[in-house]
Every structure is written in C-alpha cells, then in structure tokens.
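As you go down the protein sequences, you meet chains A and B in turn.
Okay, so the first sequence: first residue is 0 according to numbering that gives the first Met the number 0, each after it adds one.
Okay, so the second sequence: first residue is 0 according to numbering that gives the first Met the number 0, each after it adds one.
Structure, as structure tokens:
There are 2 protein chains.
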Amino acid sequence: MKLAIAILVLAAGIAHAKVKSQLVEYKQGDTVLEGYLAYDDAVSGKRPGVLVVHAWMGLDDNAKKRADMLAQLGYVAFAADIYGKGNRPKDKDEAGKLAGKYKTDRALLRQRVAAGFAQLLKSPNVDAGKTAAIGYCFGGTTVLELARSGATVSGVVSFHGGLDSPAPADGKNIKSKVLVLHGAADPHEKPDDFAAFQKELADNKVDWQLVEYGGAVHCFTDATAGSDTSTGCAYDANADKRSWAAMKAFFDEMFKKS
Amino acid sequence: MKLAIAILVLAAGIAHAKVKSQLVEYKQGDTVLEGYLAYDDAVSGKRPGVLVVHAWMGLDDNAKKRADMLAQLGYVAFAADIYGKGNRPKDKDEAGKLAGKYKTDRALLRQRVAAGFAQLLKSPNVDAGKTAAIGYCFGGTTVLELARSGATVSGVVSFHGGLDSPAPADGKNIKSKVLVLHGAADPHEKPDDFAAFQKELADNKVDWQLVEYGGAVHCFTDATAGSDTSTGCAYDANADKRSWAAMKAFFDEMFKKS
Chain A
0 MKLAIAILVL AAGIAHAKVK SQLVEYKQGD TVLEGYLAYD DAVSGKRPGV
50 LVVHAWMGLD DNAKKRADML AQLGYVAFAA DIYGKGNRPK DKDEAGKLAG
100 KYKTDRALLR QRVAAGFAQL LKSPNVDAGK TAAIGYCFGG TTVLELARSG
150 ATVSGVVSFH GGLDSPAPAD GKNIKSKVLV LHGAADPHEK PDDFAAFQKE
200 LADNKVDWQL VEYGGAVHCF TDATAGSDTS TGCAYDANAD KRSWAAMKAF
250 FDEMFKKS
Chain B
0 MKLAIAILVL AAGIAHAKVK SQLVEYKQGD TVLEGYLAYD DAVSGKRPGV
50 LVVHAWMGLD DNAKKRADML AQLGYVAFAA DIYGKGNRPK DKDEAGKLAG
100 KYKTDRALLR QRVAAGFAQL LKSPNVDAGK TAAIGYCFGG TTVLELARSG
150 ATVSGVVSFH GGLDSPAPAD GKNIKSKVLV LHGAADPHEK PDDFAAFQKE
200 LADNKVDWQL VEYGGAVHCF TDATAGSDTS TGCAYDANAD KRSWAAMKAF
250 FDEMFKKS
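The following block contains the structure:
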C-alpha cells in the first residue's frame, strides 16, 4: 500500500491524478446534511478512507481543498457536514454560536460526525479497516469526539482543535491512534485543558502524539486567516506544511501494510 | 539534493550503501578527544553534515549506530566525544557525575561540542552551509547549548534531552531551527523547565517544534534500556521509529534546496 501511495504521489506530480469530487446528500435522523466526496478516478480498488471535518464556518473551501489533497494522495476523502445542508453561518458571530451549540451538546455532535463517518464507509472504494478522521479547529474537537465515542476509526488528527472534554471518562472508549497538531502560541487552548487531555489519553493507554509549532496560533492552516498573530488566529505557512507532512507520516505508518 | 538523498535511500535499500566509518582523534584545548566519522563512500561531492552527541555514558554504540544510519541516508555524520579519549564511565553512577560536571559547566560543554562541530566541518565532503546536530539525553542538552552558543548550525534535534538552561538570555544567540522530540511521560523533565524553554525560544522568535510521544519515558530511543517504563528510562519502539522519521522530515525540509 505504501508503494502504491508513493506511486500515486509520483503520478500526481507527473501526470496529474484524476481527482473527482461531488456533493453528497446524507442524513442524520431527519436532518439533511450535504458533504463533499473526493477520490482519484484513475485508481481502482479499495483504499483507505479519510473523513474531513470543517472548522466553525461549516463545510468550507478549506475542508474541500483538504479532501482534494487527500484524494491526490490516493485516499477516498469525505468532507462531512456537521451543521446541515444550507446551514452556513454568515459571520464569526454566527459561527461561534453554531459551533458552541455542538460543543455544548456532545451527544448531538457525536451523532453528526458518526453520520459522516458512516457515509464515508458507504463509498465502495473505502477499505473499512483503514480509516482516519481529520479536523480543523471545531473539526479537531469533533474528530476527538468521534474517537471518544468508540468508533472503529484507525486514527484521528486534530489541527488546532479544542482538546477539552466534558466527559474525560469516555477516554476509555478510544480505539484510535491520536495525533494532535497544535500552535504553541494558540491562545484558545487553556493549560488545564491541555493537561486534562494528556491525562485522559495516558490513563487509557491511548497511542497518542502531540506536535507543537513554535510561534503558531489558532487557524495556522487557514490561508485566508491573514498573518496577524496578535489576533490569535493567523496563517502560518511553515506550520501548515509541517502539520500536513506529520499527518501524511501518521497515515503512512498506519496504512502501509496492505 | 532531496532527489539525491531519495536516490541514496533507494540505493541503500537495493544495492546497500557503502558506509565507511573510522575513529578520529581531535582536540579541544589540550584535551584529546576521539570521535567517530561515518559517510557513504559510494557518493561523491559535498553533502549536509550531521553532528551526533552521545548520551551520559559517553560515545557509545547507540551514537555510532545513529552516525551509520545518517550515513546511509546520505549525510556525513560525526559522532563527537565530549568526555575525552578513553574517558568512559563504567556505570550509571559515574555517568551521572560526568554528565553533571558538563551540565554544570556549560562553558566547557560548549567548548567541547564546538570542537566536535569544527571537526565535522573539516570533512572534505561536508557542505558547511548545511549542517545539523542531534543528541540523545545529555547529548540533547549539548546540541541545544551548541545552538545557544550562536553556532551557525542549520538545525538541532534533541531526543529526550534536558531542556533547562542556566542562561535563558542566551536564547538570543540561536540561529538554528530547533526540533525537540520528547517522551510525554519522561519523569526527568520538570514542567518549569519545559515552560522556561518554550519561553526562551518564543522570546527570541526561534523556529522551533516540539513533539511529545504519549507513554514514552526517558531513553525511548535506546534499545538496550529495557521495557520497564516504571524506571523512568525505557525503550519505546514506536517513539524511536517516529522520532527518527520526524528528524528525517526536519532535515529534508532544511536541506532540500541544493
């Protein structure tokens, strides 16, 4: 599998991988959701599947771009929709309220992300034994909730996500490997949450890794976030590139055995 | 250069790289030191050079093995000798005293590591503009001191090294990128030292990254350290493999431009 991915990467560089993408309607209970599926049409056969969970603005261009990038790497990627079809905040104030609603109601958040994960598994090209979930900011918190729910997802990756949990005992359910990619200067992460998170994982002998990028604040992967770190939310090209490489290495290690 | 290294790696896998190694005498002041040089004889031309600094037992098999592994990756590697030729502690008690001597006398420690770095640069195959230093435990502290001395070393990597500094103001001298690879359960690292280190680097806008490996304690790269984490010093195969991969990625990023 590793070789296959290596060849795909090479092909992507030389001959352009044929990434196909489409919006996909699916449901959680009675709520209609609309996600974004991306895969390389030039590849046949089953391959690892990766769920992508958006930041607080809902399923946005960054989440779609990451799904496309994962497809170019040879994965089937599905960018989930947590908020519901057409339900997109118009500004940061609305985004804060909407993200806050789900962060407060973790049971609902878990149902929404579980629906996205189930939808990923419906793709005929996904090897159900080789899956991962990645998420940005609010989406980072969300993929950690997916792991805490006991989902059989091989690994989860949080990019500048909130690490707090209202139910640390749920750490016992985690079957996934965990990779946390974090801006060392992120003002949104409280030291207590950080310590509690590490304790939750250590107590349950979870296989976890945490990377801190010096100087990086919240939003470090978001190219639209500007460069003013004093706002606490800014793009950092080095941290973006390095965190993506760390995720790739994490996936290579998990999925290399075919 | 990246392609050249990639080809070397491939060659190492298929045709076996021709790693040559030799003991090398050199001096710091009047003190005779004896290091270990390793390089791939099948490669011609200048390439990046990497200094390796041993743990508290002095220039040992692990340091030599790492130099050989770096040579297989296409680097010129020089495993320095901080303690002096023939000066090898016979047990942990002696090792603690000897390492303690240099940790207390940072000026002497800097002179010793500077001598090793100068010796690396004497290798005709080393590109002096592309250098790094890696170190284990005591050696991690030592390569950080090399950076704090203002040496023009492109990057330094500490594997389970002590991060404390008696002169945090020296952070202003650091020109190197810094990568710290750390066991999250390492009992030897005090939270205050951790925080002070991050402040030292942040205050001086150093380009730094820190990786914590869940469950790993001190000595996680040392295959002879056993598996009993309750001693605070144990081998961790995952953390060993992952930290080496993180170092390789760090080097690839620094040295990819030829």
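Cβ coordinates follow ideal geometry from the N, Cα and C atoms, glycine included.
Quick caveat: nothing in here was measured; it's all calculated off a predicted structure.
Within its own chain, the residues whose Cβ lies closer than 8 Å to the Cβ of residue 203 of chain B, once the five positions on either side in sequence are excluded, are 170, 171 and 173, listed in chain order. Per DSSP, the unbroken alpha helix (DSSP H) holding residue 103 of chain B starts and ends at 91-103.
Within the stretch 202-228 of chain A, the residues whose Cβ lies closer than 9 Å to any Cβ of chain B are, in chain order, 204, 205, 206, 207, 208, 209, 210, 211, 212, 213 and 214.
Taken through DSSP and simplified to helix, strand or coil, residue 130 of chain A comes out as strand. Around the beta-carbon of residue 236 of chain B, fewer than 16 other beta-carbon atoms lie within 10 Å, marking it exposed. Around residue 244 of chain B, the beta-carbon contacts reaching into chain A at under 7 Å are 248. Boundaries of the alpha helix (DSSP H) harbouring residue 143 of chain B: 137-147, taken from the DSSP string.
Excluding sequence positions up to five before and after residue 107 of chain B, its CB lies within less than 7 Å of the CB of 101, all in the same chain and listed in chain order.
In the DSSP assignment, residue 243 of chain A falls outside any beta strand (DSSP E) and lies within the alpha helix (DSSP H) extending over 236-254. Within chain A, no C-beta atom comes less than 8 Å from the C-beta of residue 147 of chain B; the nearest is roughly 15 Å away. Annotated three-state conformation of residue 78 of chain B is strand, per DSSP. Per DSSP, the continuous beta strand (DSSP E) segment holding residue 46 of chain A begins and ends at 46-52. Contact with chain A is found for residue 183 of chain B, since one of that chain's Cβ atoms lies less than 8 Å from the residue's Cβ. Listed in chain order, the positions of the stretch 166-199 of chain A with a beta carbon within less than 8 Å of a beta carbon of chain B are 177, 183, 184 and 197. The three-state secondary structure of residue 229 of chain A, taken from DSSP, is helix. Pairing residue 140 of chain B with residue 154 of chain B gives a Cβ-Cβ distance that is not under 8 Å. Counted as a single uninterrupted DSSP element, the alpha helix (DSSP H) harbouring residue 201 of chain A occupies residues 190-202. Per DSSP, the continuous beta strand (DSSP E) segment holding residue 32 of chain B begins and ends at 30-39.
DSSP places residue 18 of chain A within a strand segment (E or B) once states are collapsed to three.
When C-beta atoms of the stretch 230-247 of chain B are compared with those of the stretch 213-223 of chain A, fewer than three pairs fall below 8 Å, so the two segments do not count as touching. Put simply, of A:227, A:226 and A:248 the residue whose alpha carbon is nearest the alpha carbon of residue 210 of chain A is A:248. Our two residues, residue 80 of chain A and residue 215 of chain B, have alpha carbons roughly 36 Å apart in a direct line.
Look at residue 174 of chain B here: in three-state DSSP terms it is coil, with no helix or strand label. DSSP places residue 84 of chain B in the coil class of the three-state scheme, outside both helix and strand.
In the structure shown, the three-state DSSP call for residue 112 of chain A is helix. The C-beta of residue 245 of chain B has 16 or more other C-beta atoms within 10 Å across all chains shown, which makes the residue buried. Nearest to residue 105 of chain A by alpha-carbon distance, out of A:167, A:191, A:199 and A:242, is A:167. Nearest to residue 32 of chain B by C-alpha distance, out of B:48, B:39, B:53 and B:83, is B:83. Residue 111 of chain A does not reach chain B, its nearest Cβ partner there being about 27 Å away, counting only Cβ pairs nearer than 9 Å. Interface annotation, residue 241 of chain A: in contact with chain B, CB-CB separation under 8 Å. Residues 140, 189, 192, 195 and 196 of the same chain have their beta carbon placed closer than 8 Å to that of residue 163 of chain A, with the five preceding and five following residues left out of the count.
Bounds of the alpha helix (DSSP H) holding residue 69 of chain B are 60-71.
A Cβ-Cβ distance of about 4 Å is found for the pair residue 77 of chain B and residue 119 of chain B, placing them in contact under the 8 Å criterion. Inclusion of residue 113 of chain B and residue 150 of chain B in the CB contact set at 8 Å is warranted, their separation being smaller than that value.
Distance between residue 144 of chain B and residue 198 of chain B, taken at the CA atoms: about 16 Å. For residue 42 of chain A, there is no enclosing beta strand (DSSP E), as DSSP marks it with neither H nor E.
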